[in-house]
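Student: All residue numbers for the sequence shown refer to full-length UniProt numbering, where the first residue is 1 and numbers rise by one. Can you keep this structure in mind? I'll have questions shortly.
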Amino acid sequence: GFAKGVVFIIHGYAEHCGRYEHVATALTQQGLDVFALDHMGHGQSDSAWGRRGLLWNYEWLVEDVLLLVHTVRSRYVSRCPGVVPPEASGDGDSGAAKLQPRANVPPFHLLAHSMGGLIGIHVLAKEPEAFSSAVLIGSLIRGPAELEMLRKPMHPLLGPFAAVLHTIAPSLGVKCLDLSTLCHTPCALEQYIEDPLVELGPVPLRTTYEFLRASDAAIDVAKDVRCPVLFLHGEADRITQPAGSHLLYGACGSRDKNLHIVPDGYHDLLNEPGWAETCREVCEWFVQKQQMNESWQSAT
Numbered sequence: 001g002f003a004k005g006v007v008f009i010i011h012g013y014a015e016h017c018g019r020y021e022h023v024a025t026a027l028t029q030q031g032l033d034v035f036a037l038d039h040m041g042h043g044q045s046d047s048a049w050g051r052r053g054l055l056w057n058y059e060w061l062v063e064d065v066l067l068l069v070h071t072v073r074s075r076y077v078s079r080c081p082g083v084v085p086p087e088a089s090g091d092g093d094s095g096a097a098k099l100q101p102r103a104n105v106p107p108f109h110l111l112a113h114s115m116g117g118l119i120g121i122h123v124l125a126k127e128p129e130a131f132s133s134a135v136l137i138g139s140l141i142r143g144p145a146e147l148e149m150l151r152k153p154m155h156p157l158l159g160p161f162a163a164v165l166h167t168i169a170p171s172l173g174v175k176c177l178d179l180s181t182l183c184h185t186p187c188a189l190e191q192y193i194e195d196p197l198v199e200l201g202p203v204p205l206r207t208t209y210e211f212l213r214a215s216d217a218a219i220d221v222a223k224d225v226r227c228p229v230l231f232l233h234g235e236a237d238r239i240t241q242p243a244g245s246h247l248l249y250g251a252c253g254s255r256d257k258n259l260h261i262v263p264d265g266y267h268d269l270l271n272e273p274g275w276a277e278t279c280r281e282v283c284e285w286f287v288q289k290q291q292m293n294e295s296w297q298s299a300t
């Protein structure tokens, strides 16, 4: 039979989608199909710039996620009898048509973490009709002090010589991740550190610049988001500041949104000791919003 819904997982910086296998298992047990990818320069995906973790343009990651969503939707459309393929719909903008909600096609949901949340808000803003709901966890809107100090216009790394530095020394690193505050679960932290597909080095200068550029833009485009959004953030998160999720929540244009700050939670809520409860909250959000959407459609 067909899935009740489809969840796209967008992973965070330096990691890969394989770290969400336990989450995907929990979601599939609820009758949801799950899709994910490794971002360019992450996990098993090649880097166009010769170094893992080096991000030259955050918009490329946004487009990669949208390509995955388009591809998956087209496959569901072809499997669903009675659904008109996008190219035959008569809509001049075939790309946009692919992402319109369609009868018999399961609802799409977005689950994004950290840098994934940053990319996710841009995805939701670009295609506001594509998703039935979204959950953004620990979104990278405001980072650690080492990253935030680079926002100052006259900082030597991002001041008058920024354009030159980004071109001639894009891999110049900034150490701004305190892995000891990733999560409270020792075995999960050990697995992260020993994972050969995880990048443990300093964050390339060009990547930090893209983080700042993308986070500033995210606050501007968040007004275009229309689907229900649940923002989750650990209260004790030192890798991405909870203040960032507060900002994003305030800027989000959705009329159905909620912000949950998890008491004492570190950054990686899906690997914290209470990860199962967080996962239940995520599933309940998806199911609840999906049911509300189905009720609205049947009423109209």
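Ideal Cβ placement from N, Cα and C applies to all residues, glycine included. Every value quoted in this text rests on a predicted model; they were computed, and no experiment measured them.
Which complete alpha helix (DSSP H) runs does the UniProt domain "Serine aminopeptidase S33" (3-77) hold, if anything under 4 residues is left out?
Tutor: Those alpha helix (DSSP H) runs which fall completely within the UniProt domain "Serine aminopeptidase S33" (3-77) and span 4+ residues are 21-28.
Student: Within 10 Å of its beta-carbon, does I239 have 16 or more other beta-carbons around it, so buried, or fewer, so exposed?
Tutor: Position 239 of the sequence shown, counted from the start, is the residue given in the question as residue 239. Classification of I239: buried, given that the 10 Å Cβ count is 16 or more.
Student: Determine the extent of the alpha helix (DSSP H) in which A250 is found, giving its start and end residues.
Tutor: By 1-based counting over the sequence shown, the position of residue 250 is 250. The question names Ala, but residue 250 in the sequence shown is Gly. It spans P242 to A251 - the alpha helix (DSSP H) in which G250 sits, taken as one unbroken run.
Student: Count the other CB atoms, across all protein chains shown, that sit within 10 Å of the CB of A14; report buried if there are 16 or more and exposed otherwise.
Tutor: Sequence index remark: in the sequence shown, residue 14 carries index 14 (1-based). Flag for A14 reads buried.
Student: Going by other Cβ atoms of all chains shown within 10 Å of its Cβ, with 16 needed for buried, is K289 buried or exposed?
Tutor: Here residue 289 is taken as the residue at index 289 of the sequence shown, counted from 1. Classification for K289: buried.
Student: Does the beta-carbon of P273 have 16 or more other beta-carbons within 10 angstroms, so that it is buried, or is it exposed?
Tutor: Within the sequence shown, residue 273 is the residue found at index 273, counting from 1. Result: exposed.
Student: The alpha helix (DSSP H) that contains F211, what's its start and end?
Tutor: In the sequence shown, residue 211 corresponds to position 211, counting from 1. Its alpha helix (DSSP H) spans residues L205 to V221.
Student: Do C187 and V225 count as a contact pair if the criterion is CB distance below 8 Å?
Tutor: Here residue 225 refers to the residue found at position 225 when the sequence shown is read from its first residue. Here residue 187 refers to the residue found at position 187 when the sequence shown is read from its first residue. Not closer than 8 Å, so no.
Student: Less than 7 Å between C-beta atoms, sequence neighbours within five positions excluded: which residues of the same chain meet that for P228?
Tutor: As a first step, residue 228 is located in the sequence shown; it is residue number 228 there, counting from the start. Here the set comprises S133, S254, D256, K257 and K289.
Student: Within the chosen definition, does the stretch 103-121 reach the stretch 201-221 through at least 3 CB pairs nearer than 8 Å?
Tutor: Output reads yes: the stretch 201-221 touches the stretch 103-121.
Student: Taking Cβ to Cβ, would you say L55 is nearer than 8 Å to V123?
Tutor: Translated into the one-based positions of the sequence shown, residue 55 becomes position 55. Translated into the one-based positions of the sequence shown, residue 123 becomes position 123. The answer is no: Cβ separation not under 8 Å.
Student: Since L232 is in the beta strand (DSSP E), which residue starts that stretch and which ends it?
Tutor: What you label residue 232 is simply residue 232 of the sequence shown in a count that begins at 1. Per DSSP, L232 belongs to the beta strand (DSSP E) from V229 to G234.
Student: Exposed or buried, which one is S139 when buried takes at least 16 other CB atoms within 10 Å?
Tutor: Residue mapping note: residue 139 aligns to position 139 of the sequence shown, counting from 1. Buried: at least 16 other Cβ atoms inside 10 Å.
Student: Are there 16 or more other CB atoms within 10 angstroms of the CB of G53, so buried, or fewer, so exposed?
Tutor: Translated into positions along the sequence shown, residue 53 becomes position 53. Flag for G53 reads buried.
Student: Identify, in the order they occur along the chain, each residue of the same chain with its Cβ nearer than 7 Å to the Cβ of N271, setting aside the five sequence neighbours on each side.
Tutor: Along the sequence shown, read from residue 1 onward, the residue named residue 271 stands at position 271. Counting only Cβ-Cβ distances below 7 Å, and skipping sequence neighbours, we find C183, T185 and A188.
Student: Could you tell me the alpha carbon to alpha carbon distance between E284 and Q30, rounded to whole angstroms?
Tutor: On the sequence shown, residue 284 is found 284 positions in, with the first residue counted as 1. On the sequence shown, residue 30 is found 30 positions in, with the first residue counted as 1. Computed Cα separation, rounded: 10 Å.
Student: What did DSSP end up calling N104 once you bin it into helix, strand or coil?
Tutor: Here residue 104 is taken as the residue at index 104 of the sequence shown, counted from 1. Coil.
Student: Quick one, are the C-beta atoms of D237 and Y209 less than 8 Å apart?
Tutor: For the purposes of this step, residue 237 is taken as the residue at position 237 of the sequence shown. For the purposes of this step, residue 209 is taken as the residue at position 209 of the sequence shown. No; because the gap between Cβ atoms is not below 8 Å, this pair is not in contact.
Student: For Q291, tell me which candidate among I10, H39, H109 and L136 has the shortest Cα-Cα distance.
Tutor: Taking the sequence shown and counting its residues from 1, the one referred to as residue 291 is at position 291. Ranking I10, H39, H109 and L136 by Cα distance to Q291 puts H109 first.
Student: So, with DSSP's three-state summary, where would you put A97?
Tutor: As a position in the sequence shown, residue 97 is number 97, starting the count at 1. Here A97 scores only 42 on pLDDT, less than 50, and its place in the model is too uncertain to base an answer on.
Student: Could you check what DSSP says for S114 in three-state terms: helix, strand or coil?
Tutor: Position 114 of the sequence shown, counted from the start, is the residue given in the question as residue 114. Residue state, collapsed to three classes: coil.
Student: Would you mind sorting F131 into buried or exposed? The rule is 16 or more other CB atoms within 10 Å of its CB.
Tutor: Your numbering for residue 131 matches position 131 in the sequence shown. Result: buried.
Student: Buried or exposed: where does D268 fall if 16 or more other Cβ atoms within 10 Å of its Cβ makes it buried?
Tutor: Taking the sequence shown and counting its residues from 1, the one referred to as residue 268 is at position 268. Buried, by the Cβ-count rule.
Student: Assuming V62 and K126 are in contact, meaning their beta carbons sit under 8 Å apart, how far apart are those beta carbons, in whole angstroms?
Tutor: Taking the sequence shown and counting its residues from 1, one reaches residue 62 at position 62. Taking the sequence shown and counting its residues from 1, one reaches residue 126 at position 126. Yes, V62 and K126 are in contact; Cβ-Cβ is about 7 Å, under 8 Å.
Student: Helix or strand or just coil, what does DSSP make of V123?
Tutor: For the purposes of this step, residue 123 is identified with residue 123 of the sequence shown, where counting begins at 1. If DSSP states are grouped into helix, strand and coil, V123 belongs with the helices.
Student: Quick one, which of P204, P202, L248 and G234 has its alpha-carbon nearest D220's?
Tutor: Residue 220 sits at position 220 when you count from the first residue of the sequence shown. If we check each option's Cα against that of D220, L248 comes out closest.
Student: For I141, is the classification buried or exposed, using 16 other Cβ atoms within 10 angstroms of its Cβ as the cut-off for buried?
Tutor: Start at 1 with the first residue of the sequence shown, and residue 141 comes out as number 141. I141 comes out buried.
Student: Given the structure, does E194 come close to the ligand NAD, in the sense that its CB is under 7 Å from one of the ligand's heavy atoms?
Tutor: Judged by which ligands are present, the structure shown has none, so any question about the ligand NAD falls away.
Student: Report the rounded CA-to-CA distance for G18 versus R151, giving the unit in angstroms.
Tutor: Here the question's residue 18 lines up with position 18 in the sequence shown. Here the question's residue 151 lines up with position 151 in the sequence shown. About 32 Å.
Student: Along the chain, where does the beta strand (DSSP E) containing A145 start, and where does it finish?
Tutor: The count along the sequence shown starts at 1 and reaches residue 145 at position 145. First-last for A145: A145 to E148, but that is the alpha helix (DSSP H), not the beta strand (DSSP E).
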